[in-house]
Amino acid sequence: MSTKIAIICSKAFMKRIISIAQNVTDIQLEFYLYRHPSEAPTLVKQIKPCDALLFGGTLPYLHAQSLLSEIPIPWNYIKQDETAISTTFLSLVAKHTVPIDRISIDVMNPAFVDNVLAEIEYTGEKPHVQHISITEPTENILQRHMALWNTKSIDFVITSIHSVFDELQALQIPAMRMLDTKNSIIQCLEETKSKSLLTKSESFKAVVGLLEIPKDSSIESTILSQIAKATFSTYKQISAHTFELYTTAGHLQNALEKENLEELIQQIEQPFKLAFGYGHSILEATQNAQYALTFAKPSEIYILDEHKSLLGPFPNSKGKVSLKTDDPYVLQMAKLTSLSPLNISKLINFSHERQSAQFTSQNLAEYLQVTRRTTERIIKKLVDNGYAKVVGEEMTHQQGRPRTIYELNFATY
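Residues 6 to 418 in this note's numbering are what the sequence shown lists, from first letter to last.
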């Protein structure tokens, strides 16, 4: 099945892509054309169902950037870089005898022009560079090019904006569009297709959920039906107090992102445990769900993915803890301290989430949700092996023992 890509671009760029797209297999293109890049946000809202979205340049992408978090498909854009600029300069030199300093060129990043000239060891007068910004109307770019032409400061214009090129042509000012190389466009189309295929494969991964209720409790069938509806699941009862749900990663992720599931579980009065497992098969997903359920506390949701990364608890936290590792440093640390890779992963997450490098045993106990005694044993193992150090004390009350302040003493990034 082909990948359907919606492309937001100018009419001229559409012709360029059509002439190249035949080099990419299994794609179908649908174009949404603008006269000015600022129209891109309006076009985003007009896109019909498709597999991916591609912007025909950095400028339309920047105009529509704030809307991209709302669309459920992967997106990409054709980026302007040094290759495009050097190719355009080479084309200009080959077809027109125009000195570099007699050119006006508009670009997203003026540093790219400097980099190209430095690479070719050009030491003469530089071209007139116009910086493109989404906060400035494209009409201003056109006016600057025209002003340089009218004062006979330039002989030629290179523009990244197709509407500006059309205006310059109408005014009979010598100009050319910035050239995106054939290879760059092919690479971008292939990349966009790959993003779509990856998203689909991730979304269709098998997910098994386990809902467990206490033996002295029961759950209303309407609540169970609502959970199944929120996650697009089917379910069956596997014991008197356990239900198994079947869905896909895409449906579960959608339920969590929209907070449908979180809102629903907060309405359930009786205690319960809910966990999900991802897998490349139902068997693997079931095993991961069973393991995730061992971490679940009442009214919380945990997810264990196929990489043995534990996600949750939802809705209180959306952290990620790895239950397995092949990192030699972590394995060595686990061996020396007798701590599990899971606990080491939790310590790394604890370090990432704290605003301060310093902590007390109480801070760590609250994060790990274990007793102070258990936390102190963990800290002792870290200190004894040089993975944590004492850096001070604090007195929270006038009486009582001071609290020891620690810092982790190993790489956490």
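Here a beta-carbon is modelled for each residue, glycine too, at the ideal position from N, C-alpha and C.
Check: Start and end residues, beta strand (DSSP E) containing residue 5; Outcome: The structure shown has nothing for residue 5, since the chain only spans 6 to 418.
Check: First and last residue of the uninterrupted beta strand (DSSP E) at residue 318; Outcome: 314-319
Check: Cα-Cα separation between residue 380 and residue 336, rounded to whole angstroms; Outcome: 20 angstroms
Check: Residue 68 - containing alpha helix (DSSP H), residue span; Outcome: 63-69
Check: Residues bridged to residue 375 [DSSP beta-bridge criterion]; Outcome: BP columns for residue 375 are empty, so no partner.
Check: Chain-order list of residues whose beta-carbon lies under 6 angstroms from that of residue 230 (same chain, five-residue window excluded); Outcome: none
Check: Residue 390 and residue 341 closer than 7 angstroms at C-beta; Outcome: yes
Check: Residue burial classification, residue 338 (beta-carbon count within 10 angstroms, cutoff 16); Outcome: buried
Check: Segments of 3+ residues assigned as beta strand (DSSP E) that fall wholly inside the stretch 140-202; Outcome: 161-164 and 180-182
Check: Residues near residue 396 in its chain [Cβ-Cβ closer than 8 angstroms; skip 5 each side]; Outcome: 363, 410, 411 and 412
Check: Residue 399 to residue 366 span [Cα, whole Å]; Outcome: 12 angstroms
Check: Residue from 100, 50, 281 and 153 whose Cα sits closest to the Cα of residue 68; Outcome: 50
Check: Minimum length 4: unbroken alpha helix (DSSP H) runs contained in the stretch 205-285; Outcome: 226-235, 254-262 and 265-270
Check: Where residue 51 falls: helix, strand or coil (DSSP); Outcome: coil
Check: Residue nearest to residue 93 in terms of C-alpha spacing, selected from 357, 161, 246 and 209; Outcome: 161
Check: Cβ pair count under 8 angstroms reaching 3, the stretch 182-196 against the stretch 250-264; Outcome: no
Check: Buried or exposed by the 16-neighbour rule on C-beta atoms within 10 Å, applied to residue 8; Outcome: buried
Check: Cβ neighbour criterion (16 or more within 10 Å) applied to residue 182; Outcome: buried
Check: Residue 235 versus residue 260: straight-line alpha-carbon distance, rounded; Outcome: 6 angstroms
Check: Which listed residue (195, 416 and 191) has its alpha carbon closest to that of residue 21; Outcome: 191
Check: Residue 276 beta carbon near the ligand ADP (any heavy atom closer than 6 angstroms); Outcome: The model on display carries no ligand, and the ligand ADP is accordingly not part of it.
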